[in-house]
RNA sequence: GGACCAAGCGGGGCAAUCGCGCUAUAUGUUGCCGAAAGGUGUUAUAGCGAGGAAAGUCCGGGCAUCACAGGGCAGGAUAACGGAUAACGUCCGUCUGAGGCGACUCACGGGAAAGUGCAACAGAAAUAUACCGCCCUGAUUGUUAUGCAGUGUGCAGAAGACGAUAAUUUUGUGUCGCCGGACGUAGUUACCUACGUUAAGACCAAAAUUAGUGACUUAAAUCCGAAGAAUUUGUUCUGUGCUCUGCAUAGCAAUCAGGGUAAGGAUGGAAAGGCGAGGUAAGAGCUCACCCACUCCUAUGGUAACAUAGGUUUGCUGUAAACCCUAUUUGAUGCAACACCUUGACCUUGCUUUCUGCAGGGCGGCCCGUCCUUUUACGGUCAUGGUGGCAGAGCCGAAAGGCUUGAACUGCGGGGUGACUCGCAGUGAAGAUAGAUGAUUGCUGCGUUCUUUAACGUACAGAACCCGGCUUACAAGCUUGGUCACACC
RNA sequence: GGAGAUGUACUCAAGUGGUGAAGAGGCGCCCCUGCUAAGGGUGUAGGUCGGGCAACCGGCGCAAGAGUUCAAAUCUCUUCAUCUCCG
């Protein structure tokens, strides 16, 4: 499953400061309404309103190998979540990996994502 | 079997389901974003899809631009010799030095005898000097010994009123009168020699005078007293001892001055070759023998560094990862380079003889050399966004052709001690732009635990224009060659 | 991705080869005060290892590790960490 990525740094800092937050042992999830969602929907081939996703893995986690692997596991867990339950659309979702997420399996991460999204009320 | 040395390999595998990126072909939509250039979006099939270090960015090169790329200066880099390589600070072989019983390992390994600088503290002294010490000379002072002189004095002996001793005077057929002096004669140029004369003078003897007018001894005086004892004064000469003074000589000590010396002196990382003998006032490579180091020369071996042998000069601190010198080498920047496209802003010199020149300007860090001074455009500068560069079953170009294709990799064979090289054959698809290899499950390899149908672990680590090296990180395991000592056969 | 700078105590920091590594803040102790603050005095590699009952003494220690030198915080090399610039 493809994601529309957040590419601008100011959107990340806005999400950290203004967005709703849910923290688990391995993750920190920030959610903010996306004001440009309708405009971006026109560029989408299927004219859908989608969520923009940002995955952050800081240098505290480790070297380049550790960080990209953690990011892949996060992406896999997120795609399996979105396949099973539908999420509300029109949001900026930033998922930051904490140091406990290193070496976890994607099934563990998936369980934590369920808890976080439930807490934020993102499921339809 | 043990302990080691060196060079390498290796970097788990298979399957199922779901999913990601790129390329090609076909298909689909001609939509959306954007000022434009351009970008993005469907599905199917096929192919491909991280490393030995992709890392650090420490060297070298390709490539691109600046002034087509030249010379010099500055700055940087390198540093035994020979070779390999496109090149290198890399690699190979050798030499030298150090370490190891050995296999073998380690070394930025030119020049300190071109010059400058630095060497704290300690130490007498730190790169040439002289503090102590040792030696010589001189001066002063002190002291000791010897000798001489003087003074005083002790002791012993001798002499003396039959007149000692000293001074003066007189006298003598008295003795001497040397050497030297003066004069004369002879020899002789002269010096000189011989002989003679000369008289002062010295000594001796006698006498007289003077002194103390008989001083001293003999004795006398004084005092005490029964006997007796004590004190004071007292001549000359000889010998001998002692004290003091002066002088001379010699020695010793101290101080000062001048000179010689570098043997010795606690320190230090380092003290000016080592040791012995000679030598010297004392000493010193000052000289000699042996040893050590070193310069140069010769011979032999080696392409060379260098090694060995002989001769010869010299006796030199260390430091160049201090400045520096020598040799070699090096233009700068770095794909965020740069090229093209889009949009926009700004800029586009004078004099002159119209040839050149002057002025001005551009121009590698600087200089020389070089370039421009005009054609208002198909120019230049700056900025915006984009594409290319960039990666390949193809791309650019009208075509020829160029790139892909790499100083590439694999295998076999030849050459070389080796790094490496030559020939033939074969192979040839990563290329992202928030950054692609994942998730889940099963089986299995390896290691550990031993709960053997189990549990845990399975390293270091992610391409970003490309290549050659270096450095650093790395789990378990494996291979090859070699060394040493022991045991067994 | 590329280019550069820095690292000294708890903090800020001086120290361009020469021997107990300056200084300030902070901290400990004492004085001052009825008590505190302020002020004054004094101590302080303040870390670690070894020795010693203790006072104290010695070794190591300037991001880490090697090297050059008689001697290294300082010079050289390698590594690590932090920060800055281009973008």
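Residue numbers (my numbering): -6 to 117.
The beta carbon of each residue, even a glycine, is placed where N, CA and C say it ideally should be.
- Straight-line spacing of the CA atoms in residue 84 and residue 109 works out to 15 Å.
- Its chain contains 23, 24 and 25 as the residues whose beta carbon lies nearer than 6 Å to that of residue 12, once the 5 sequence neighbours on both sides are disregarded; these appear in chain order.
- Taking 8 Å as the cut-off, the Cβ atoms of residue 102 and residue 44 do not count as close.
- A residue is called buried when at least 16 other Cβ atoms come within 10 angstroms of its Cβ; residue 105 meets this threshold and is buried.
- Within its own chain, the residues whose Cβ lies closer than 7 Å to the Cβ of residue 115, once the five positions on either side in sequence are excluded, are 24, 80 and 81, listed in chain order.
- Between the alpha carbons of residue 75 and residue 92 lies a gap of roughly 24 Å.
- If you look at residue 58, you'll find it in the alpha helix (DSSP H) that goes 57 to 77.
- The C-beta distance from residue 88 to residue 67 rounds to 6 Å, short enough to meet the 8 Å contact threshold.
- Boundaries of the alpha helix (DSSP H) harbouring residue 100: 99 to 113, taken from the DSSP string.
- Note: residue -3 is bridge-paired with 45 in the DSSP secondary-structure output.
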